[in-house]
Amino acid sequence: MHTMWKGSISFGLVNIPIKMFASTEDKEIKFRYLHKECKTPLKYVRTCPTCNVEVEWNDIVRGFEYEPGRFVLIEDEALASLQPEINKAIEILDFVNLSEIDPIYFDKSYYLSPQDTGGKAYNLLRQGLKETGKIGIAKITIRSKQSLAAIRVYQNLLVLETLYFPDEVRSVELVPGIPQNMDVNEKELSMAIQLIENLSAPFEPNKYTDDYREALRELINKKIEGEEIEIPKEAPQKNIIDLMQALKASIEQTTPTKKTTRGRNKKTTAS
1 MHTMWKGSIS FGLVNIPIKM FASTEDKEIK FRYLHKECKT PLKYVRTCPT CNVEVEWNDI
61 VRGFEYEPGR FVLIEDEALA SLQPEINKAI EILDFVNLSE IDPIYFDKSY YLSPQDTGGK
121 AYNLLRQGLK ETGKIGIAKI TIRSKQSLAA IRVYQNLLVL ETLYFPDEVR SVELVPGIPQ
181 NMDVNEKELS MAIQLIENLS APFEPNKYTD DYREALRELI NKKIEGEEIE IPKEAPQKNI
241 IDLMQALKAS IEQTTPTKKT TRGRNKKTTA S
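Numbering of the sequence shown is given in the UniProt record's numbering, commencing with residue 1 and proceeding in unit increments.
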């Protein structure tokens, strides 16, 4: 597993040298754009529309557009000066309960392992978080972007979850069309709760698969083998508009069928 970051975690005067690894991988099937005539992959050229020339990387600078058409240049050295030590240390600022953090704040997760000299302190923090049920809140900078972070225990190791800052989460008041103060029909609510209970089950991630990716992989394999592809017709969908009717039909579909057992009670008499 490739190490993507090295640094340390500190809480109080305790310092833990750690290595960080990506905990997930993108399995999306990616396509390349080709020239239809010759099937050659396209190239994307960096051009300046004013000078009408191709621009080399050595001639590219960063700029921030503070007014339409007006930019201020930001040099690499100026960016680096803003984060002299922040890339190397993760200081835990607070310990909080995981239940206090709404999932909307979570972004990406990373596995953490101790460096050669950090095993004992790593185990100390891991065990402390386990026994208190707390998670550590810190800040981290990855590839010049600073994020809030949560450090918690996952199975037998520490995981760092990057979090959005509060001003990065959009206000729900910006979402249009949300119904306000609508009366709920008690019978419909009772049926909705019954439907939720019928569909309730323990979370088992292994039973969920990416159906689209599997179908796409099968399509690609058939294309490679030269098979003719038949496009299936879409099945007509039932358009149930009445809410009560939809709830009744859903409950009927999800209610487990009762197994009927026909047993015979035989009385045995001693002869």
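Ideal Cβ placement from N, Cα and C applies to all residues, glycine included.
Is it buried or exposed for Y111, if we count other Cβ within 10 angstroms and need 16 for buried?
Around the Cβ of Y111, a 10 Å sphere holds 16 or more other Cβ atoms; the residue is buried.
Give the range of the alpha helix (DSSP H) segment to which Y66 is assigned.
Premise fails: Y66 lies in the beta strand (DSSP E), R62 to E67, not in any alpha helix (DSSP H).
Check whether the Cβ of I151 lies closer than 9 Å to any Cβ atom in chain D.
Among the chains of the structure shown, chain D does not appear; only one protein chain is present.
Compute the beta-carbon to beta-carbon distance between T117 and P41, rounded to the nearest angstrom, for a pair I have assumed lies under 8 Å.
That pair is no contact at about 47 Å.
Bridge partners of F71, per DSSP?
For F71, which the question treats as bridged, DSSP gives the partners E65.
Beta-carbon separation of A89 and G7 under 9 Å?
Cβ distance < 9 Å, so A89 and G7 count as in contact.
Closer than 8 Å by C-beta to S157: which residues in its own chain qualify, once you throw out the five before and the five after it? Chain order, please.
Note that residue 157 is Leu in the sequence shown here, rather than Ser. Taken in chain order, the residues that qualify are Y111, L112, S113 and R126.
Does the pairing of the segment 136-152 with the segment 161-181 give three or more beta-carbon distances under 8 Å?
Counting Cβ pairs under 8 Å, three or more are found: they touch.
Considering only residues of the UniProt domain "Ku" (52-180), which uninterrupted beta strand (DSSP E) runs meet the minimum length of 3 residues and lie entirely inside it, listed in chain order?
62-67, 70-74, 89-91, 94-97, 106-114, 134-142, 145-154 and 157-163, all fully within the UniProt domain "Ku" (52-180).
Three-state secondary structure (DSSP) of A246:
Reduced to three states, the DSSP call for A246 is helix.
Cα separation between K134 and N185?
Looking at the two C-alpha atoms, the distance is approximately 41 Å.
In this structure, does DSSP put M20 in helix, strand or coil?
DSSP places M20 in strand when its eight states are reduced to three.
For the candidate residues E168, I251, V14 and R217, whose alpha-carbon lies nearest to that of S190?
Sorting E168, I251, V14 and R217 by C-alpha distance to the C-alpha of S190 places I251 at the top.
Reference A215, options P205, K207 and I229, closest by Cα:
Restricting attention to P205, K207 and I229, the CA atom closest to the CA of A215 is found in I229.
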